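Heads up: the sequence lines are chains A and B, in that order.
Residue 57 in my numbering sits at position 57 of the first sequence, and the numbers go up by one each step.
Residue 1200 in my numbering sits at position 200 of the second sequence, and the numbers go up by one each step.
All C-beta atoms in this analysis are idealised placements derived from N, C-alpha and C, irrespective of residue type, glycine included.
Here the structure is a predicted model, which means the values were calculated and not measured.
Inspection log for the structure reproduced underneath, given as structure tokens.
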Amino acid sequence: MRALLLDFTKCIGCGACVEACRTENRITAPPEFTVLQKVSAGGQDVNYRRMCMHCLEPTCESVCPVGALRKTAQGPVVYDASLCLGCRYCLQACPFNVPRYEWSSLNPRVRKCNFCAGRLGRGLPNACAEACPTGATLAGEREELLQIARERLAAEPGKYVPRIYGEREAGGTSVLVLSPIPFEQTGLPVNLSEDALPMLTFRVLRRIPHIATFGGALLTGLWWITNRRHEVSKEEAK
Amino acid sequence: MTTVRQYFWRLVALLIFAAGLWATVIRFTRGLGAATSLSDANPWGLWIGFDILCGVGLAAGGFTITAAVYILHLERFRPIARPAVLTAFLGYLLVVFALMYDLGRPYNIWRAIVFWNPRSVMFEVAWCVMLYTTVLALEFSPMLWERLGWTRLAAVLRRVSIPLVGLGVILSTLHQSSLGSLYLIVPTKLYPLWYSPLLPVFFFLSSIAAGMAIVIFESGLSARAFGKALEFDILQRLARGMSVVLALYLLLRAQDLLWRGAWTSLVAPRPETWLFWLEIALFAVPMALCFSPRTRSNPRAVFGCSILTVAGFLANRLNVSVTGLEASSGVHYFPSWMEISVTLAIVALGLVLFRLAVRHLAVWSPPAPCAH
């Protein structure tokens, strides 16, 4: 499965990734698929960017009533606007607060990074990774990138927060992040469990057939008993 | 005197509909962004929190009362079966109507029938709305057929009324609880006083209490407006039932707070704490009052308790869907005047339709006992 490794220690804030993303996805106005930001922490300026994390078990895919969001075998979580009802449950449910909405449109779409799914299909790397001059964004197979990340953490432990963000968060993501400063300062939530979220609702949803059949049997039984009692009391009244 | 009052209310209704119409034009010509205070950080607001969540919950009287009459043979409740079904049917129609405002692409709604994702709670919600609105239309329709003199059609529907009611009970159970399940997916976003794995159970139980409360409330209103009310002993029994359901609900919520260790949030100096206690008080006061036979023998007190229960229910739904999510969203949400006026117009529309139905259909006369 394809993945990206973002290493914020290597990011110089040049914006080449944002530019490449705009060109690739023909974005002329916000909302954009990736946002570059700068934060001053501990006397140093850190450049970081946010984008869709492309969860291994995407919450957005599980909540979409019509299946407009779906994870492909190659890794990208893609969105099909033609199916979308605009219920915005994906915006509400995303643990990383990624999806954006075209609020001023009369035909609004959910906007989020599609991991350059089209390019991947043609054997090309993600546009942002290709444009990055410093290797702060690296494209590859998820296992390979995890190995590289572990090596970087081992080689320069003082430089990084000792954690590969996305290895396990919310069941793991296809975008992995290394950061010199605590992850919450780069806008990534640190209160997520390692369990994928879709199970929280599916645990309840899979009971529906049982509720329906058990409920039907219970109601029939109750009706039969009370009906009989009703008939008996009518007979006795005569 | 009465005419002055009538003119006043007509004027109020006119203003509400005018504002609602203006807001409608803006919503459908300039989009959700221009009409609402919604944002990426707060994608659901008043239209979901009130129009949908509260609208569906307040329609719960329909399945509660029909189950009591048709399934449990509690014949004494038969006189309120029709008003309860009418309320539920109008409630669901208005919910669907409100949904057209909130959906970004309402013209795509039919796709929910064709494209399935059974892992989505929203998928369950969509199907429950569609199927139960159909069931309610069938349950309601005999009032219309009788009026039109189509007695044969009314008789056919009467014959299938029991399976229809049973289907309605199951669909309602699923639908009421699924609105709570919607929020199971946001464990890190919803404030701990409200997030619970038991949300579907809480939504279901509180909807039953609210459904009973709204039937009492309606009867009280009808007594004033049309001089038609239910026999008070029915309302007394309903108030007792409401009180029992509320007690069970509050007990379960207290137990849940203990289990999850969330009781520490009960005294945190935060706005959520106050809103939580307000909600609990609005449920607990009518629960306690209606346990006493003395309160139950006072029509004004029973009417007051029904208002408190409905208020507690509204507070709960808005807390779960709006206030409880505000802290984690990082933005402050307050509905725009357009969101508020559309909501007011929809409530007013409901009252007008109810009034029309009461005037022209045999709502307050009990349906004939069904042929078994």
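Take the Cβ of P133 of chain A as the centre, count every other Cβ of all protein chains shown within 10 Å, and call the residue buried at 16 or more, exposed below. Translated into positions along the first sequence, residue 133 of chain A becomes position 133. With a threshold of 16 other beta carbon atoms within 10 Å, P133 of chain A falls short and is exposed.
Roughly how many angstroms separate the alpha carbons of L145 of chain A and L138 of chain A, rounded to a whole number? The count along the first sequence starts at 1 and reaches residue 145 of chain A at position 145. The count along the first sequence starts at 1 and reaches residue 138 of chain A at position 138. L145 of chain A and L138 of chain A: Cα-Cα distance of roughly 8 Å.
If you follow the alpha helix (DSSP H) that S40 of chain A is part of, which residue opens it and which one closes it? For the purposes of this step, residue 40 of chain A is identified with residue 40 of the first sequence, where counting begins at 1. Where S40 of chain A is concerned, there is no enclosing alpha helix (DSSP H), although the beta strand (DSSP E) it sits in stretches over 35 to 41.
Look at the Cβ atom of V1169 of chain B, then the Cβ atom of F1063 of chain B, and state whether they are nearer than 8 Å. Within the second sequence, residue 1169 of chain B is the residue found at index 169, counting from 1. Within the second sequence, residue 1063 of chain B is the residue found at index 63, counting from 1. Yes, these two residues count as a Cβ contact at 8 Å.
Using a Cβ-Cβ distance under 8 Å, would S40 of chain A count as near chain B? On the first sequence, residue 40 of chain A is found 40 positions in, with the first residue counted as 1. Taking Cβ atoms only, chain B never reaches closer than 8 Å to S40 of chain A, which makes this a no.
For chain A, find out if any of its Cβ atoms is closer than 8 Å to the Cβ of D1040 of chain B; answer yes or no. As a first step, residue 1040 of chain B is located in the second sequence; it is residue number 40 there, counting from the start. Yes, D1040 of chain B counts as interfacial toward chain A.
By DSSP, does Y79 of chain A sit in helix, in strand, or in coil? Here residue 79 of chain A refers to the residue found at position 79 when the first sequence is read from its first residue. Three-state DSSP puts Y79 of chain A in a strand.
Please list the partners that N1108 of chain B has in chain A, where partner means a Cβ-to-Cβ separation under 9 Å. As a position in the second sequence, residue 1108 of chain B is number 108, starting the count at 1. The answer, in chain order, is V66, S82, L83, C84, L85, G86.
In whole angstroms, give me the CA-to-CA distance for P1142 of chain B and R109 of chain A. On the second sequence, residue 1142 of chain B is found 142 positions in, with the first residue counted as 1. On the first sequence, residue 109 of chain A is found 109 positions in, with the first residue counted as 1. P1142 of chain B and R109 of chain A: Cα-Cα distance of roughly 43 Å.
Rounded separation between N47 of chain A and K159 of chain A - CA only: By 1-based counting over the first sequence, the position of residue 47 of chain A is 47. By 1-based counting over the first sequence, the position of residue 159 of chain A is 159. Approximately 15 Å, taken between the alpha carbons.
Closer than 7 Å at the beta carbon, the chain C residues around L192 of chain A: The displayed structure is made up of protein chains A and B, and chain C is not among them.
Just checking: is the beta-carbon of G215 of chain A within a distance shorter than 8 Å of some beta-carbon in chain B? Start at 1 with the first residue of the first sequence, and residue 215 of chain A comes out as number 215. It does; some Cβ of chain B falls within 8 Å.
Who are T173 of chain A's beta bridge partners in DSSP? For this step, residue 173 of chain A is matched to residue 173 along the first sequence. In DSSP, T173 of chain A forms a bridge with A:C55.
So, is R228 of chain A buried or exposed, given that buried needs 16 or more other C-beta atoms within 10 angstroms? The residue you call residue 228 of chain A lines up with position 228 of the first sequence. Label assigned to R228 of chain A: exposed.
Within the same chain, show all residues whose beta-carbon is closer than 6 Å to that of P1200 of chain B, passing over the 5 residues directly before and after it, in chain order. Against the second sequence, residue 1200 of chain B aligns to sequence position 200. Correct list, in chain order: S1177, G1180, S1181.
Shortest alpha-carbon distance to F1097 of chain B belongs to which of B:R1158, B:A1084, B:G1055? Here residue 1097 of chain B refers to the residue found at position 97 when the second sequence is read from its first residue. When each option's Cα is compared against that of F1097 of chain B, the closest is B:G1055.
Locate the alpha helix (DSSP H) running through L1246 of chain B, then write down its first and last residues. As a position in the second sequence, residue 1246 of chain B is number 246, starting the count at 1. Element bounds for L1246 of chain B: 1232 to 1260.
Using CA coordinates, which residue listed in A:A29, A:V77, A:P162, A:E169 is at the minimum distance from P182 of chain A? The sequence position of residue 182 of chain A within the first sequence is 182, counting from 1. Taking the Cα of P182 of chain A as reference, the smallest distance to any Cα among A:A29, A:V77, A:P162, A:E169 is reached at A:P162.
Applying the criterion that 16 or more other CB atoms from any shown protein chain within 10 Å of the CB defines a buried residue, is V1004 of chain B buried or exposed? In the second sequence, counting from the first residue as 1, residue 1004 of chain B sits at position 4. The residue in question, V1004 of chain B, is exposed, as its Cβ has fewer than 16 Cβ neighbours within 10 Å.
Closer than 9 Å between beta carbons: that is the criterion. Which residues of the stretch 43 to 67 of chain A meet it against chain B? So the list reads T59, E61, S62, V63, C64, P65, V66, G67, given in the order they occur along the chain.
Just verifying my parser: in three-state terms, what is the DSSP assignment at D7 of chain A? Within the first sequence, numbered from 1, the residue matching residue 7 of chain A stands at position 7. In this structure, D7 of chain A counts as strand in the three-state DSSP scheme.
Rounded straight-line distance, which links the Cα of L1167 of chain B to that of A1023 of chain B: Sequence index remark: in the second sequence, residue 1023 of chain B carries index 23 (1-based). Sequence index remark: in the second sequence, residue 1167 of chain B carries index 167 (1-based). Approximately 37 Å between the Cα atoms of the pair.
Counting only Cβ-Cβ distances shorter than 9 Å, please list the residues of the stretch 130 to 145 of chain A near chain B, keeping chain order. none
Chain B beta carbons: is any one of them nearer than 8 Å to that of V18 of chain A? Numbered from 1 along the first sequence, position 18 holds the residue referred to as residue 18 of chain A. Judged by the 8 Å Cβ criterion, V18 of chain A is not in contact with chain B.
Below-8 Å beta-carbon distance, F1115 of chain B vs any chain A residue: For the purposes of this step, residue 1115 of chain B is taken as residue 115 along the second sequence, with counting starting at 1. So, interface residue.
By how many angstroms is the C-alpha of V98 of chain A removed from the C-alpha of V1331 of chain B? Here the question's residue 1331 of chain B lines up with position 331 in the second sequence. Here the question's residue 98 of chain A lines up with position 98 in the first sequence. So the two alpha carbons sit approximately 15 Å from each other.
DSSP on L69 of chain A, reduced to helix/strand/coil? Working through the first sequence from its first residue, we reach residue 69 of chain A at position 69. It is a strand residue.
Between the beta-carbon of W103 of chain A and the beta-carbon of G1045 of chain B, is there less than 8 Å? As a first step, residue 103 of chain A is located in the first sequence; it is residue number 103 there, counting from the start. As a first step, residue 1045 of chain B is located in the second sequence; it is residue number 45 there, counting from the start. Contact flag unset, no.
Does E1139 of chain B get closer than 8 Å to chain A when you measure Cβ to Cβ? Here the question's residue 1139 of chain B lines up with position 139 in the second sequence. Cβ-Cβ to chain A under 8 Å: no for E1139 of chain B.
List, in order along the chain, the chain B residues whose C-beta lies closer than 8 Å to that of L91 of chain A? Reading the first sequence from its first residue, position 91 is the one you call residue 91 of chain A. Within chain B, the residues near L91 of chain A are D1040, P1043.
Return helix, strand or coil for G1304 of chain B, following the three-state DSSP convention. Along the second sequence, one-based indexing puts residue 1304 of chain B at 304. Note: G1304 of chain B maps to helix in three-state DSSP.
Compute the distance between the beta-carbons of R88 of chain A and G1104 of chain B, then report whether it is under 8 Å. Taking the first sequence and counting its residues from 1, one reaches residue 88 of chain A at position 88. Taking the second sequence and counting its residues from 1, one reaches residue 1104 of chain B at position 104. Yes.
Going by CA-CA distance only, name the one from B:T1151, B:E1075, B:A1223 that's closest to S233 of chain A. Within the first sequence, residue 233 of chain A is the residue found at index 233, counting from 1. Comparing Cα positions, the closest option is B:E1075.
If we ignore side chains and look at the alpha-carbon of each, how far apart do W224 of chain A and P1163 of chain B end up? On the first sequence, position 224 is the one that residue 224 of chain A refers to. On the second sequence, position 163 is the one that residue 1163 of chain B refers to. If I take the Cα positions, the gap works out to 12 Å.
Would you decide whether I1048 of chain B is buried or exposed? Buried here means 16 or more other CB atoms lie within 10 Å of its CB. Residue 1048 of chain B sits at position 48 when you count from the first residue of the second sequence. Taking all protein chains shown into account, I1048 of chain B has 16 or more neighbouring C-beta atoms within 10 Å of its C-beta and is therefore buried.
Would you identify the three-state DSSP class for V161 of chain A, choosing helix, strand or coil? Here residue 161 of chain A refers to the residue found at position 161 of the first sequence. In the structure shown, V161 of chain A sits in coil (DSSP, three-state: anything other than H, G, I, E or B).
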